[in-house]
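Novice:
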Amino acid sequence: TSPEALTARLRAAGYTVSPGAYLPTALSVPGGNPTAMPGFAEGEFFVQDEASQICVRALDAHPGMTVLDICACPGSKSFGAAIDMEDRGRLLAFDLHANKLSLISSGAARLGLSSISVSARDGRDFDPSLAGVGDRVLCDVPCSGLGVMAKKPEIRYKNLDDAAALPDIQLAIAENACRYVRPGGILLYSTCTLLPEENEKNVARFLARHPDFQAEDFTVGSLRSEDGMLTLTPDRTGTDGFFMAKLRRNTDHG
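Numbering-wise (my numbering), the sequence shown opens with residue 1 and increments by one.
1. For Ala-108, which residues of its own chain have a beta-carbon under 6 Å away from its beta-carbon, when the five flanking residues on both sides are left out?
2. Label Gln-170 either buried or exposed according to how many other C-beta atoms from any shown protein chain fall within 10 Å of its C-beta, with 16 as the threshold for buried.
3. Out of Pro-19, Ala-21, Met-37, point me to the one whose CA is closest to Ala-12's CA.
4. Once you ignore the five residues that flank Gly-43 on each side, which residues in its own chain have a CB closer than 8 Å to its CB?
5. Looking only at DSSP bridge pairs, what is Ser-190 linked to?
6. Report the option in Glu-200, Arg-179, Asp-240, Asp-217 whose CA atom is closest to the CA atom of Asp-125.
7. Tell me the rounded alpha-carbon separation between Gly-254 and Gly-14.
8. Return the bridge partner residues of Arg-249 from the DSSP annotation.
9. Does the segment 133-143 come close enough to the segment 186-205 to have 3 or more Cβ pairs within less than 8 Å?
10. Who does Glu-4 pair with in a DSSP beta bridge?
11. Specify, as a first and last residue, the run of the alpha helix (DSSP H) that Asp-235 falls within.
12. With distances taken Cα to Cα, identify the nearest neighbour of Pro-234 among Gly-228, Phe-243, Asp-227.
13. Distance, Cα to Cα, Arg-224 vs Ser-106?
14. Measure the C-alpha to C-alpha separation of Pro-128 and His-97 and round it to an integer number of angstroms.
15. If distances are taken between C-alpha atoms only, which option among Lys-201, Val-47, Thr-35, Thr-16 comes closest to Thr-261?
16. So, at 6 Å on beta carbons, what are the nonlocal neighbours of Gly-184 in its own chain, with the 5 sequence-adjacent residues on each side left out?
17. DSSP beta-bridge partners for Arg-90?
18. What's the call for Gly-132, buried or exposed, on a 16-neighbour Cβ count within 10 Å?
19. Please go through the same chain and pick out, in chain order, the residues whose beta-carbon is closer than 6 Å to the beta-carbon of Pro-211, but skip the five residues on each side of it.
20. Measure from the alpha carbon of Gly-9 to the alpha carbon of each residue in Gly-32, Thr-35, Gly-39, then state which is nearest.
21. Under the three-state reduction of DSSP, which class applies to Gly-20: helix, strand or coil?
22. Excluding the 5 residues flanking Thr-239 on each side, which residues of the same chain have their C-beta closer than 7 Å to its C-beta?
23. From the DSSP secondary-structure annotation, give me the bridge partner or partners of Ile-116.
24. Apart from the five residues just before and just after Arg-57, which ones in its own chain have a Cβ nearer than 6 Å to its Cβ?
25. Leaving out five residues before and five after Glu-198 in sequence, what residues of the same chain have Cβ atoms less than 7 Å from its Cβ?
26. Return the first residue and the last residue of the alpha helix (DSSP H) that Glu-44 is part of.
27. Since Ser-78 contacts Ile-104 with CB under 8 Å, what's their CB separation in whole angstroms?
See below:
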């Protein structure tokens with residue numbers, strides 16, 4: 001389908017539809033059950049906040065690439081990347097929780113995407129068979145989730161002390177995943193939180209330990225990163241709170 005055709009179909013069914021703020025492929029539909037909307041069963045759309053769509057666009061996947069999604073569940077970023085790849089190439093979707101992998105498999109089947117394969121994997125455990133194979137590697141790491149409090153209000157009752165160990169876990173995942181990036185390839189680090197310890201400070205720690213990677217600026221729609229990093233906030237961008245950093249591996253590595 002196309003954004004125009006899907007918009008017309010949804011409006012004909014009585015839904016209010018407006019275009020996304022940053023991406024031509026994003027549509028905003030307030031209210032309703034997405035699974036009951038026209039086009040869902042046929043795989044014409046999937047549900048994803050525009051912040052996550054912006055993250056996928058920053059990943060910049062293309063047809064024929066090998067893309068790794070290290071912490072993939074429930075799979076919307078894998079879906080978006082596979083669509084950007086025109087379902088040509090291979091997308092390896094991993095997650096620690098094997099019982100959640102069916103979310104990716106079933107979603108990919110509904111959307112008609114055959115390039116996605118799934119397997120259970122701890123993002124901190126190195127697989128030598130994947131060394132240097134990734135044109136693009138996405139690390140959407142587990143985080144404190146403060147950027148999605150509007151959708152998960154129970155997060156406000158979290159004890160922030162419980163998040164103290166997260167930056168080291170996140171860094172360990174990124175440091176393992178970076179070994180899968182080919183020379184000239186991209187590691188995209190992202191979170192749905194706004195804490196500097198999990199975001200900018202972690203990127204700084206990573207770059208200090210890995211001089212073979214450099215931050216690279218990018219633009220998505222009217223948004224432009226600074227020092228290779230972009231922070232989205234509900235008050236400024238109308239999206240989930242979200243952070244992403246684009247890191248490119250030097251071509252002369254090794």
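No residue lacks a Cβ here, since even glycine has one placed at the ideal position from N, Cα and C.
Specialist: This is what the structure gives:
1. Cβ neighbours of Ala-108 beyond the five flanking positions: Ile-116.
2. Only buried fits Gln-170, as 16 or more other CB atoms lie within 10 angstroms of its CB.
3. Met-37
4. Arg-110, Leu-111, Gly-112
5. Asp-140, Met-244
6. Arg-179
7. Below a pLDDT of 50, predicted positions are generally treated as unreliable, and Gly-254, at 46, falls in that range; no measurement from the model is reported.
8. Phe-213
9. yes
10. Glu-4 pairs with nothing; no bridge assigned.
11. 234-237
12. Phe-243
13. 34 Å
14. 21 Å
15. Residue coverage of the chain in this structure runs from 1 to 254, which leaves residue 261 outside it and unanswerable.
16. So the list reads Thr-251, once near-sequence residues are dropped.
17. Looking at the DSSP assignment, Arg-90 forms a beta bridge with Thr-66.
18. It counts as exposed.
19. none
20. One detail in the question is off: residue 9 reads as Arg in this sequence, not Gly. Closest in C-alpha terms to Arg-9, from the list Gly-32, Thr-35, Gly-39, comes Gly-39.
21. coil
22. Asp-49, Glu-50, Ala-51, Leu-232
23. Leu-91
24. Cβ within range, chain order: Val-220.
25. Spatial neighbours of Glu-198 in its own chain (CB-CB distance under 7 Å, excluding positions within 5 residues in sequence) are listed in chain order as Cys-143, Ser-144, Leu-166, Pro-167, Gln-170, Thr-191.
26. From DSSP, Glu-44 is part of no alpha helix (DSSP H); its letter is neither H nor E.
27. Indeed they touch by this definition, with Cβ atoms about 6 Å apart.
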